[in-house]
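So the sequence lines, in the order shown, correspond to chains B and V.
When we follow the numbering used here, the leftmost residue of the first sequence carries the number 1, and every step to the right adds one.
When we follow the numbering used here, the leftmost residue of the second sequence carries the number 368, and every step to the right adds one.
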Amino acid sequence: MAAVAAFAGWLLRLRAAGADGPWRRLCGAGLSRGFLQSASAYGAAAQRRQVAHFTFQPDPEPVEYGKKSHQSSFEILQPVNDTVIFGEDVAFGGVFRCTVGLRDKYGKDRVFNTPLCEQGIVGFGIGIAVTGATAIAEIQFADYIFPAFDQIVNEAAKYRYRSGDLFNCGSLTIRSPWGCVGHGALYHSQSPEAFFAHCPGIKVVVPRSPFQAKGLLLSCIEDKNPCIFFEPKILYRAAVEQVPVEPYNIPLSQAEVIQEGSDVTLVAWGTQVHVIREVAAMAREKLGVSCEVIDLRTILPWDVDTVCKLIQMTKLCNQNMYIGQGRPAVFPHELRPHASLFKPYDINLGFSELFSRYILVCIAGAA
Amino acid sequence: MKKMLTAAVSRVLSGVTQKLASRVLVASCKYSNNATFEIKKCDLYRLEEGPPVTTVLTREDGLKYYKMMQTIRRMELKADQLYKQKFIRGFCHLCDGQEACCVGLEAGINPTDHVITSYRAHGLSYTRGLTVRSILAELTGRRAGCAKGKGGSMHMYAKNFYGGNGIVGAQGPLGAGVALACKYKGNNEVCLTLYGDGAANQGQISEAYNMAALWNLPCIFICENNRYGMGTSVERAAASTDYYKRGNFIPGLRVDGMDILCVREATKFAADYCRSGKGPILMELLTYRYHGHSMSDPGISYRTREEIQSVRSKSDPIMLLKDKMVNNQLASVEELKEIDVEVRKEIDDAAQFAMTDPEPPLEELGHHIYSSNPPFDIRGANQWIKFQSIS
């Protein structure tokens, strides 16, 4: 009863403060705008640059697996069975060294370069997959996936449906470095998962760490549906943790609760998970708010149940704050059936009217 | 004593003036006004005759081309330096080694013609009329940059120069579109659509070929074949490395891209071809880049240092022009050295400017997204940071 009263009181204060409330409260708490910026290592010239800052936090070591080794994100790729891996520059190892050593190990008829043609690469991959072989196509940067958009959406996604399950390209996986790094500008920073999030027939997955990446990638490869696997490029070097040497799977379409909490649910994926974790820690420390952090992992089809169950408990949820296309519009209308769970507090933070039915609070605006 | 001194001085002076006089005398008949050169014949595809095999280079033109090429070379090297000093960040694709292409193309067309190219655009930005200052300031992201500091290395634009395009091959259909506009407006202009050997394998280039040929557009497709698409050599990327034949139904010619006179004549020929209404034409420029694909590519993991050295010593475009001019009395070595000094000074000035000019104000971050909308807000890094978008 007291908890409810306190909670209501907090909400009322929030409401009174208006849309700027949380931010102003933070400012009031003695935090300057600069607290989100990293102590620049580049000197005076770069001090004004607002660099997104976060520290990669490895998950605690999983105990149930066997031998582990210290691996970063680009050492996990190993082809399985009759797999072929292809893409621009994959033969020598790839621009992020994800495929280093594979050509020597598995031969040049299984690991090969393609010319510069994304539409061709994906179309070609669909063709291989339709015959039953496993194809792992690499698109060098997610920003270049758009020439292949037609092949993915119109061919790969609809193959099973339009042939009445006679054919499918389920053994196709498209991997692509994803997300911003700070200096990528227009064409080396994009996060296009939202464009694909509206396309039934494909699966879209974004891991947050090497351990997750290996398990999720292997699940994507084994999954009988075409999958797009976006690898946060900033984590290729930044993220190092213990990863089991033997293959293992992490189920798709399952969100993971990274941190339990009781006041707010924060949902994120990819790089943002680490930012949100820091945000949650900050919120606990500075505002006394207990945040639940969920890593969505699979963007499409996403784990509606877990997210809604947890929102139901905390009654407050954010959306992923990632700049660019990262914000999926699938989110609100799928939550609509659960709208009865939420009381219609109208804290409208200027997003589409779909959101105005829900309580959306972002603590400490993540980068 | 005084007499002796004055005598000695006057002797020295007269000696000096004599020397000067003789030097002037020599100077006035030292240079010829022009010289005729034989240039390499171009390989032709679907063409009965090609560009002429001899050309006349005037002293004036020669000095102009030399200065432009030297400026581009120095500018690229300065950009390399600035990048390593972290004044330029992000991506930087340098075109040193390919100067004859930029300057030769410009020499073959009019300033009213149109040019569009890929991201290796600094040289063409300069020849199309941008100053070194505005190019370097754009690279360092400052207010005085040609795109107001918001475009960077790959997005430089000038009058009749449509960039600077980051996505490989995307400029193909764009160039065909510009050519359509030229034809539609009936102003006898052509469009040079440049792309690289890597981009030649993109589907949209084939689409552009088809549209240009179907509608007889005055579009000159130019493949700058520098033998490597990033780190992949042409043999490993293309089923046919005869890029001048890849237009299939479009006639083509293959040009020595290290000889500026070759490039100039071929461009003139191609421009005349298009202007006479015969439709598109394809030019392959055989050239070479000394730097790697970009500043993050050392450029030696897929080719040997010896190869780079041999091209530098045998076919360097600036060296070739210099030799031609000096051996045919169009200029002297000292004169060209003076031009070098001038160019160096200009580049140093520009670099100094580019390092000290202020960055564009943060308020301008959201401008120019739409056109003539009422100003609206753009969300920044979090919901409470807002930028006004005005255009």
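Glycine residues also receive a C-beta, built at the ideal position from the N, C-alpha and C atoms.
Based on DSSP bridge pairs, tell me the residues matched to residue 745(V).
754(V)
Neighbouring residues, chain V, relative to residue 187(B) (Cβ below 7 Å):
533, 534
Taking the alpha-carbon positions, what's the residue 149(B) to residue 262(B) distance?
40 Å
DSSP-derived helix/strand/coil call for residue 513(V):
coil
Answer yes or no: does any C-beta atom of chain V fall closer than 7 Å to that of residue 21(B)?
In this predicted model, residue 21(B) has a pLDDT of only 37, less than 50, meaning its place in the structure is not dependable; the value taken from the coordinates is given anyway. Taking Cβ atoms only, chain V never reaches closer than 7 Å to residue 21(B), which makes this a no.
Which residue wins for smallest C-alpha separation from residue 477(V), given the options 634(V), 693(V), 645(V)?
634(V)
Taking the alpha carbon of residue 133(B) as the reference point, which residue from 85(B), 196(B), 96(B), 179(B) has its own alpha carbon closest?
85(B)
Please determine, among 300(B), 298(B), 293(B), the residue with the shortest C-alpha to C-alpha distance to residue 311(B).
293(B)
Within 10 angstroms of the Cβ of residue 328(V), are there 16 or more other Cβ atoms? Answer buried if so, exposed if not.
Only positions 368 to 758 of chain V appear in the structure, and residue 328(V) is not among them; the question remains open.
In whole angstroms, give me the CA-to-CA distance for residue 512(V) and residue 455(V).
12 Å
Helix or strand or just coil, what does DSSP make of residue 503(V)?
helix
Counting only Cβ-Cβ distances shorter than 7 Å, please list the residues of the stretch 156-189 of chain B near chain V, keeping chain order.
For the stretch 156-189 of chain B, which is checked against every Cβ of chain V, the residues closer than 7 Å are 183, 185, 186, 187.
Are the beta-carbon atoms belonging to residue 719(V) and residue 398(V) less than 7 Å from one another?
Not in contact: residue 719(V) and residue 398(V) (Cβ atoms no closer than 7 Å).
Should residue 178(B) and residue 191(B) be called a contact, given that it needs their Cβ atoms to be closer than 7 Å?
Yes, they are a contact pair.
Give every residue of the same chain whose Cβ lies closer than 7 Å to the Cβ of residue 405(V), excluding the five residues on either side of it in the sequence, and list them in chain order.
The beta carbon of residue 405(V) is closer than 7 Å to those of 420, 421 in its chain, skipping five residues each way along the sequence.
As a quick exercise: from 748(V), 501(V), 522(V), pick the residue whose alpha carbon is nearest that of residue 716(V).
501(V)
Measure from the C-beta of residue 116(B) to each C-beta in chain V and report whether the shortest distance is under 7 Å.
It does; some Cβ of chain V falls within 7 Å.
Spatially closest choice to residue 670(V) from 601(V), 575(V), 537(V), 605(V), by CA coordinates:
601(V)
Taking 7 Å as the CB-CB limit, is residue 446(V) close to chain D?
Judged by its chain identifiers, the structure shown contains no chain D, and its protein chains are B and V.
Starting from residue 481(V) and walking both ways along the beta strand (DSSP E), at which residues does that stretch end?
481-483
Within 7 Å of any Cβ in chain B, is that where the Cβ of residue 745(V) sits?
no
Contact set between residue 568(V) and chain B, taken where Cβ atoms lie within less than 7 Å
115, 116, 117
Which whole-angstrom value describes the C-beta separation of residue 557(V) and residue 546(V), a residue pair presumed to lie in contact below a C-beta threshold of 8 Å?
7 Å
Among 659(V), 429(V), 530(V), 417(V), whose alpha-carbon lies nearest the alpha-carbon of residue 693(V)?
429(V)
DSSP state of residue 242(B) mapped onto helix, strand, coil:
strand
If you pair each beta-carbon of the stretch 212-227 of chain B with each one of the stretch 171-190 of chain B, do three or more pairs fall below 8 Å?
yes
Looking only at its own chain, which residues have a Cβ that is under 6 Å from the Cβ of residue 662(V), when we skip the five neighbours before and after it?
450, 459
When you compare only the Cα positions, how much space is there between residue 270(B) and residue 227(B)?
16 Å
Under DSSP, the alpha helix (DSSP H) around residue 472(V) begins and ends at which residues?
First-last of the alpha helix (DSSP H) with residue 472(V): 466-475.
Identify the continuous alpha helix (DSSP H) that holds residue 621(V) and give its terminal residues.
For residue 621(V), there is no enclosing alpha helix (DSSP H); the enclosing beta strand (DSSP E) covers residues 619-623.
Have a look at residue 64(B) and residue 249(B) and give me their C-alpha separation to the nearest angstrom.
Residue placement at residue 64(B) is flagged as unreliable, the pLDDT there being 49, under the threshold of 50; the coordinate-derived value follows with that caveat. Going from the Cα of residue 64(B) to the Cα of residue 249(B) covers about 13 Å.
Using a Cβ cut-off of 7 Å (strictly closer), state whether residue 604(V) contacts chain B.
yes
Rounding to the nearest angstrom, what Cα-Cα distance links residue 566(V) and residue 201(B) in this structure?
31 Å
Please list the partners that residue 120(B) has in chain V, where partner means a Cβ-to-Cβ separation under 9 Å.
568, 569, 570
Confirm, please, whether the CB-CB distance from residue 434(V) to residue 714(V) is below 7 Å.
It is not a contact, given that the beta carbons lie outside the stated cut-off.
Consult DSSP for residue 247(B) and reduce its assignment to one of helix, strand or coil.
coil
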